[in-house]
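Student: Here it is: the structure, laid out below.
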Amino acid sequence: MTATTTAPGRYDTIVVGAGAGGGTAARVLTSRGRRVAVLEKGPLPVADDFLPYDELHFHTHKTLIPHRDTDPNIYMAGPDQDRPTPVERWWNVNMVGGATNVWDANVPRYTEEDFRVLDHLRDVPPEADMVDWPWSYREFEPWFERAEYEWGVSGRARQSPAQEPIRAGYDYAMPPLRPHAAVPFLTEVFGRAGMQPYLGPRAINSRVNDGRPACSFCGFNQFFGCGLNSRASALNTVLQRALATGRCDLLTGHCVTRLVHEGGRVRGVMYRTEPGGPERFLGASQVIVSVQTIESARLFLVSQVPDPNRMIGRYLTYHTHGSAEVTLPLQPVWTGNGAQQPSTAIGSLQLRDLYVVDDPATPVTKAGKFSVYDPYTCVPPVRLAKGAALGPGRGGLWGEDLYTYLEELRHQGGVSFSFTGEALSLYDNRVELDPDVTDPWGMPAARIWYRHHAYDLAAARYAIDRVVQVMQDAGGELRGYDVPGAENPGYGHVQGTLRAGTDPDAAVLDENCQSHTVSGLYVLDCAFMPTAGASNPTLTLLANAYRVCEQLPDPG
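Residue 252 in this note's numbering is what sits at position 86 of the sequence shown, and the numbering runs on without skipping anything.
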């Protein structure tokens, strides 16, 4: 795979960003005969760039993401805080492939509970603006299937009543990844509580597929690039196919600084090839933006896209989240085939029984889902030690306490739960342009105003307390417990800011993700999502990119 360094000729479509949405757009449009330019401000990596797996280099020093001292977002914790705080841009990986180079490839589908969220929320508070999506799950279903096959998803359909509904006769591209040795125990324990976990879908090869090898279970997954190409990324799937057509030019080192529009139509983009360099123009009658939710809103604001209803940047949502870790004194350390379970770095199980809640004891009616891990074999050592705890409020261990924790992990079973949940859409949660801070390319930094609603926090606490109780009933002892506060400085799953809808007075984009005010301008990252949903969002982003681009009209 090679990158073009100049921009020859005229293009039908310009794609801004070479990540999940942009790569998929290039794949679909080139297969339809369109000539496409993909502009990416970062470099083109190769697998060797992610080796060796140095945890200090890649995770602790966060080498692959923009550094907050030189290229920050500015975070404000709601209207009561007037002191800006630079924060890291967790999932902005400025290179070809974007965040799919470092994700853990957890790819559940959004379901009807997400598309028709108002059917599952009781007494929505007046300050929240929750809306049903302008599409149904069934409309998205064929696009989910296409994404799962083109990106190479391993999994198994119909394992659990709580699992995403999948049509009869369909299954994933590959069988699930090798299950962790804890799976039989956890399945039995949660079964007693009326829940049924299942082996979750992952965009990671469980066998040789698409010319890429099976996962080696190296122990390094999220935050690390994959040196084997076993984990799918935009780089090793859709972009490869787009470039193979000869109709796609990948322009690395090209930072788009403005979207050019005139008379209600997009004309192209302005870009720089180096910080401080001159702006240049590249023209096309269609422009697709997919540079991450906050960054796309920032680009719309910098470009002064008409916004008569002050909607651009509004309804920013971060998933509510949280975690718990439990040790099981009576359960020996998990073993598989008579030997200690090898490092997997991947959570085998998903638990979705609390996606919808029917419990009169709580106002929570839609919560979310869990990824279930073994804290010993699924977390690299430095990260494991940094998160060590011997009980709620007993974190930051050192010395004898840290030794006790690590010794415990090696001699008895442990379970870690990571929660992803629904978050209410609030108008005041937003992205603006910072008046004082610029990025290295001379663009105003994004200023983020965000506070979780009380419902979000109640959903996280309710769900985490439920799984902790199940584990305590099975003899577990709580070690780690974390639920979010109202502030949320940079948690990863982010949606909204350019929400789609049929009413131009209530949405930035139409139902085909085209700007209501600038014809030919489209958005294909999670900014289009009308509400947060309650699962990892990338597969739904991909499905939407296939849906939009297969129906994109001929350029005018």
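Idealized CB from N, CA, C, for every residue including glycine.
This one's a predicted model, so the numbers in the text were calculated from it and none came from an experiment.
#1: Under a Cβ-count criterion, where at least 16 other Cβ atoms within 10 Å of its own Cβ denotes burial, should L496 be classed as buried or exposed?
#2: Using C-beta distances below 8 Å, list every residue in its chain close to T528, excluding the 5 sequence neighbours before and after it, in chain order.
#3: To the nearest angstrom, report how far apart T170 and V273 are at their CA atoms.
#4: According to DSSP, is W309 part of a helix, a strand, or is it coil?
#5: Which class does T251 belong to by DSSP, given the choice of helix, strand or coil?
#6: Work out the CA separation of Q680 and L664 for me, nearest whole Å.
#7: Quick check on I332: does DSSP put it in helix, strand or coil?
#8: Could you check what DSSP says for L599 in three-state terms: helix, strand or coil?
#9: With a CB to CB cut of under 8 Å and the five nearest residues on each side skipped, what residues in its chain are close to Y338?
#10: Within 8 Å, do at least three Cβ pairs link the region 180 to 198 to the region 404 to 423?
#11: Within the same chain, show all residues whose beta-carbon is closer than 8 Å to that of A400, passing over the 5 residues directly before and after it, in chain order.
#12: In whole angstroms, give me the CA-to-CA distance for H659 and P211.
#13: Which residue from N475, A640, R617 and D622 puts its Cα closest to that of M242?
#14: With DSSP run on the structure shown, which of helix, strand or coil describes L572?
#15: I'd like the span of the alpha helix (DSSP H) that includes M637, first residue to last.
#16: Keeping to the same chain, check which residues put their C-beta closer than 6 Å to that of T706; ignore five residues upstream and five downstream.
#17: Between which two residues does the alpha helix (DSSP H) containing N239 stretch?
#18: Check whether the region 575 to 582 and the region 534 to 551 touch, using three or more Cβ-Cβ pairs below 8 Å as the test.
#19: Identify, in the order they occur along the chain, each residue of the same chain with its Cβ nearer than 6 Å to the Cβ of T168, setting aside the five sequence neighbours on each side.
#20: Can you check DSSP and say which residues form a bridge with P610?
#21: Can you tell me whether DSSP reads L550 as helix, strand or coil?
#22: Does the separation of the CB atoms of N395 and A192 fall below 7 Å?
#23: Just grab the DSSP bridge partners of G488 for me.
#24: L343 and S382 look like a contact to me (Cβ under 8 Å); what is the Cβ gap, rounded to whole Å?
#25: Does DSSP put A213 in a helix, a strand or coil?
#26: Please list, in chain order, all residues of the same chain as P174 whose beta carbon is under 8 Å from its beta carbon, the five residues on each side excluded.
#27: In whole angstroms, what is the alpha-carbon distance linking A398 and E293?
Tutor: Taking the definition as stated:
#1: One-based indexing of the sequence shown puts residue 496 at position 330. Flag for L496 reads exposed.
#2: The residue labelled residue 528 in the question sits at position 362 within the sequence shown. Excluding residues within five positions, the ones whose Cβ falls inside 8 Å are A624 and Y628.
#3: The residue you call residue 170 lines up with position 4 of the sequence shown. The residue you call residue 273 lines up with position 107 of the sequence shown. Per-residue confidence for T170 stands at a pLDDT of 47, beneath the threshold of 50, marking its modelled position as unreliable; no derived number is given.
#4: Walking along the sequence shown from the start, residue 309 turns up at place 143. Residue state, collapsed to three classes: helix.
#5: Looking up residue 251 in the sequence shown gives position 85. Note: T251 maps to strand in three-state DSSP.
#6: Start at 1 with the first residue of the sequence shown, and residue 664 comes out as number 498. Start at 1 with the first residue of the sequence shown, and residue 680 comes out as number 514. L664 and Q680 have their alpha carbons spaced roughly 10 Å apart.
#7: In the sequence shown, counting from the first residue as 1, residue 332 sits at position 166. The answer is coil: DSSP assigns I332 none of H, G, I, E or B.
#8: One-based indexing of the sequence shown puts residue 599 at position 433. Residue state for L599 is assigned as strand, using DSSP reduced to three classes.
#9: Locating residue 338 in the sequence shown gives position 172, where the first residue counts as 1. Answer for Y338: E314, V319, S320, G321, R322, A323 and P367, listed in chain order.
#10: At 8 Å Cβ cutoff, the stretches touch.
#11: For the purposes of this step, residue 400 is taken as residue 234 along the sequence shown, with counting starting at 1. Result list for A400: A184, G185, A186, G188, G189, T190, V262, G263, G264 and T266, in chain order.
#12: Here residue 659 is taken as the residue at index 493 of the sequence shown, counted from 1. Here residue 211 is taken as the residue at index 45 of the sequence shown, counted from 1. Near 24 Å, if we compare the C-alpha coordinates of P211 and H659.
#13: To locate residue 242, count along the sequence shown from 1; it is residue 76. Answer by Cα proximity: R617.
#14: The sequence position of residue 572 within the sequence shown is 406, counting from 1. Here L572 sits in helix by DSSP.
#15: Within the sequence shown, residue 637 is the residue found at index 471, counting from 1. Counting along the chain, M637 sits inside the alpha helix (DSSP H) bounded by residues A620 to D639.
#16: Residue mapping note: residue 706 aligns to position 540 of the sequence shown, counting from 1. The residues are Y276.
#17: By one-based count along the sequence shown, residue 239 stands at place 73. Not the alpha helix (DSSP H): N239 falls in the beta strand (DSSP E), residues N239 to M242.
#18: Yes: the two stretches touch, three or more of their Cβ pairs being nearer than 8 Å.
#19: As a position in the sequence shown, residue 168 is number 2, starting the count at 1. Its pLDDT being 46, under 50, T168 is placed unreliably by the model, and the measurement read from it follows with that caveat. Excluding sequence neighbours, T168 sits near nothing in its chain.
#20: Here residue 610 is taken as the residue at index 444 of the sequence shown, counted from 1. In the DSSP output, where bridge partners are listed per residue, P610 has T604.
#21: Residue numbering aside, residue 550 sits at position 384 when the sequence shown is read from its first letter. In this structure, L550 counts as helix in the three-state DSSP scheme.
#22: Here residue 395 refers to the residue found at position 229 when the sequence shown is read from its first residue. Here residue 192 refers to the residue found at position 26 when the sequence shown is read from its first residue. Taking C-beta atoms as the reference points, N395 and A192 fail to come closer than 7 Å.
#23: Here residue 488 is taken as the residue at index 322 of the sequence shown, counted from 1. For G488, the pairing in a beta bridge is given by DSSP as F585.
#24: For the purposes of this step, residue 343 is taken as the residue at position 177 of the sequence shown. For the purposes of this step, residue 382 is taken as the residue at position 216 of the sequence shown. L343 to S382, Cβ: 11 Å. No contact.
#25: Within the sequence shown, numbered from 1, the residue matching residue 213 stands at position 47. Residue state, collapsed to three classes: helix.
#26: Here residue 174 refers to the residue found at position 8 of the sequence shown. With a pLDDT of 47 at P174, under the threshold of 50, the modelled position of this residue cannot be trusted; read the value that follows with caution. Sequence-distant Cβ neighbours of P174 in its own chain, meaning closer than 8 Å and more than five residues away, are D415.
#27: The residue you call residue 398 lines up with position 232 of the sequence shown. The residue you call residue 293 lines up with position 127 of the sequence shown. Looking at the two C-alpha atoms, the distance is approximately 40 Å.
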